[in-house]
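Student: Have a look at the structure that comes next, please.
Numbering (the numbering used here), first residue to last: -17 to 117.
This is the structure we're talking about:
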């Protein structure tokens, strides 16, 4: 399987998940702290920590936990004052993402002090063009 080929053509059966590879280091054994920011949810910083070295699991768990966090009354008031969220049903942070909830990747931001979370649209395959193989 070519991991660089993210085309949306008919996909072959995926190989079984190799659970023993999940604990693999995400960024190197000495990387223990990661700050992640999301353009669609700028109110929050997501932090992944592991004193033994960050793993992919640590990063994905931090993202999951952050976006599953219920919104506080203060956060709801701020969001309701913004036109794009005024009429939406908002219960948890993930609701702020709308259809942009497909994980595309992480990249170091321009300042080098955090990582940017890149998301694609789930309901519109055209939103995933970044994942298509360049021809």
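Yeah, the Cβ is synthetic: ideal placement off N, Cα and C, and Gly gets one too.
Just to confirm my understanding: we take residue 52, look at its own chain, exclude 5 residues before and 5 after, and list those with CB closer than 6 Å. What are they?
Tutor: 74
Student: Counting along the chain, where does the beta strand (DSSP E) carrying residue 89 start and finish?
Tutor: 82 to 90
Student: Between the region 40 to 51 and the region 73 to 88, do three or more beta carbon pairs fall short of 8 Å?
Tutor: yes
Student: Suppose contacts are defined by Cβ-Cβ distances below 8 Å. Is residue 18 in contact with residue 99 by that definition?
Tutor: yes
Student: Apart from the five residues just before and just after residue 67, which ones in its own chain have a Cβ nearer than 6 Å to its Cβ?
Tutor: Excluding positions up to five away in sequence, the list reads 61.
Student: Out of curiosity, what's the CA-to-CA distance linking residue 80 and residue 86?
Tutor: 15 Å
Student: Applying the 10 Å Cβ sphere with the 16-neighbour rule, what's the burial state of residue 107?
Tutor: In this prediction, residue 107 has a pLDDT of 47, which is less than 50 and means its spatial position is unreliable; nothing more can be read from the coordinates.
Student: So, helix, strand or coil for residue 44, using DSSP?
Tutor: helix
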